[in-house]
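Please read the structure below before turning to the comments.
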Amino acid sequence: MGLFTRNLQAAPFGALSAEGQSKVWEGTVGIAHLGDGFALRVHGAKQGPTAAQAQAFSRLLANARQIRDDATPALVAFLLECEVVPPGVALNEGTLWGFLTPCFIEVHPDHGPGATQSACSVGYEIPWEPSQLVHINTANGAFTDVHSE
Numbered sequence: 656m657g658l659f660t661r662n663l664q665a666a667p668f669g670a671l672s673a674e675g676q677s678k679v680w681e682g683t684v685g686i687a688h689l690g691d692g693f694a695l696r697v698h699g700a701k702q703g704p705t706a707a708q709a710q711a712f713s714r715l716l717a718n719a720r721q722i723r724d725d726a727t728p729a730l731v732a733f734l735l736e737c738e739v740v741p742p743g744v745a746l747n748e749g750t751l752w753g754f755l756t757p758c759f760i761e762v763h764p765d766h767g768p769g770a771t772q773s774a775c776s777v778g779y780e781i782p783w784e785p786s787q788l789v790h791i792n793t794a795n796g797a798f799t800d801v802h803s804e
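The sequence shown lines up with residues 656 to 804 when you count with this note's numbering.
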């Protein structure tokens, strides 16, 4: 921790910290059905996460099982289409989650003054392409799409 580290407890995020004048708040979190050991990054305000961000993250927590169920076929299709899965690896909806390693969750900035919603993305490392992450995007507590980084 640096000399100018700010700490706070913010529901539903838990313990968060930021350095100096940064509006980026960081912590760690585990989410049932999505994994443990995520680094959490909230692009909030100087005082902490916004109400819209807290609501977006609460919805992610509350709907984690459904998000996982909805994202699973899209993740399998995406990884197979990207041709990163080596020949002989049996990647399907039953085996997918054994290959994913929780990496980070990002709570995106609000869409401007008076914003009433924020989006979250859940990132995972994949064993076949260590330089890339695969992300599940959510909005309003629902799965929206998959992309890589």
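The C-beta atom is built at its ideal place from N, Cα and C for all residues, glycine as well.
- Residue pairing from DSSP leaves A732 without any beta-bridge partner.
- Around the CB of E761, 16 or more other CB atoms lie within 10 Å, so the residue is classed as buried.
- As the crow flies, the alpha-carbon of L715 is around 23 Å from that of T750.
- Judged by DSSP in its simplified three-state form, L715 adopts helix.
- Non-local beta-carbon contacts of T660 in its own chain, meaning distances under 7 Å to residues more than five positions away in sequence, involve S672 and E674 in chain order.
- The residues V731, in chain order, have a CB closer than 8 Å to that of N747 in the same chain once the five nearest residues on each side in sequence are set aside.
- Between the segment 680-693 and the segment 738-746 there are fewer than three inter-stretch CB-CB distances shorter than 8 Å, so the stretches are not counted as touching.
- The three-state reading of DSSP puts F659 in coil, since its state is none of H, G, I, E or B.
- Taking C-beta atoms as the reference points, H790 and V777 count as a pair closer than 9 Å.
- For F798, the uninterrupted beta strand (DSSP E) run begins and ends at A797 to S803, by DSSP.
- Taking 9 Å as the cut-off, the beta carbon of T756 is found no closer than this to the beta carbon of C775.
- Residue C758 holds the alpha-carbon nearest to the alpha-carbon of L788 among N662, C758, P704 and A665.
- Q710 carries a helical assignment under DSSP once its states are collapsed to helix, strand and coil.
- In this structure, the straight-line span from the alpha carbon of Y779 to that of R696 is close to 14 Å.
- Following the DSSP letters along the chain, one finds G692 inside the beta strand (DSSP E) bounded by residues G690 to H698.
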